[in-house]
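Heads up, the thing below is written out as structure tokens.
Residue numbers (full-length UniProt numbering): 1 to 208.
In structure tokens form, the structure reads like this:
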């Protein structure tokens with residue numbers, strides 16, 4: 001939802017930063033890679049070592065790079081197919097690193113219940129599937145737009161849970177993960193239904 005409706009409000013902050021980076025000679029692809037490397041490092045170093053609040057704050061800040069590179073591309077060349085592929089691939093890697101780090105923390109630091117670990121693994125898998133449905137659907141000519149839990153919602157809910165847990169608020173990560181489990185499964189179904197409806201409509205037109 002936020003990826004569809006949240007761009008205009010965020011543009012007030014993102015666009016000036018994007019212009020500054022362009023003046024510095026940075027390219028959108030460089031920003032993508034740097035943001036990815038730093039975000040992964042934050043997740044895999046700070047979360048397993050129980051620095052949860054710092055991990056949440058820093059991950060949230062560097063997650064903004066995901067908006068900066070796209071804005072920079074639109075301000076210059078308009079973007080390229082390679083840039084879009086690089087950006088999408090880096091998003092999948094950072095999502096995987098974040099939730100894999102949470103799984104590690106749950107198992108080795110928090111000694112959480114097996115159900116909580118399973119919940120995090122479900123979110124990890126669904127985060128990849130949600131994006132894959134969009135990519136595969138659009139490759140098939142479908143228009144897959146929106147959804148209850150897209151990447152911005154997933155990062156916000158996940159990092160808020162991590163941050164609150166770091167502040168000592170009990171069960172914050174558990175609550176965040178189960179919200180994401182329900183919302184992510186809903187989004188997988190929602191996107192599959194979008195594809196099915198469009199396929200059915202296309203087949204109906206062919207039969208006329």
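Yeah, the Cβ is synthetic: ideal placement off N, Cα and C, and Gly gets one too. Since we're looking at a predicted model, the values are computed, not measured.
- Looking at 18, 137, 57, 194, the one whose alpha-carbon comes closest to that of residue 156 is 57.
- Residue 93 and residue 16 have their C-alpha atoms spaced approximately 27 Å apart.
- Counting only runs of at least 4 residues, the stretch 68-133 fully encloses the following alpha helix (DSSP H) elements, listed from N- to C-terminal order: 81-104.
- Closest in alpha carbon position to residue 38, among 27, 91, 143, is 91.
- Fewer than three beta-carbon pairs drawn from the stretch 100-115 and the stretch 144-153 are found closer than 8 Å, and the two stretches are therefore not classed as touching.
- Nearest neighbour of residue 160 by Cα position, chosen from 175, 127, 189, turns out to be 175.
- Going by DSSP, residue 29 is part of the alpha helix (DSSP H) stretching over 28-46.
- In this structure, the beta-carbon distance from residue 116 to residue 46 does not fall below 9 Å.
- Residue 167 places its beta carbon 9 Å or farther from that of residue 82.
- Note on geometry: alpha-carbon atoms of residue 181 and residue 144 lie some 20 Å from one another.
- Straight-line spacing of the CA atoms in residue 20 and residue 69 works out to 12 Å.
- The C-alpha of residue 205 lies about 15 Å from the C-alpha of residue 141.
- Ranked by Cα distance from residue 97, the options 24, 187, 31, 124 are led by 124.
- The shortest CA-to-CA distance from residue 89 to any of 48, 105, 33 is the one to 33.
- Scanning 173, 192, 22 for the CA closest to the CA of residue 103 turns up 173.
- Residue 43 sits close to residue 101, with the two beta carbons spaced by under 9 Å.
- Look at residue 145 here: in three-state DSSP terms it is coil, with no helix or strand label.
- Sequence-distant Cβ neighbours of residue 185 in its own chain, meaning closer than 7 Å and more than five residues away, are 126.
- For residue 140, no alpha helix (DSSP H) encloses it, and the DSSP letter there is neither H nor E.
- Each residue's CA atom was taken as its position, placing residue 195 and residue 122 some 22 Å apart.
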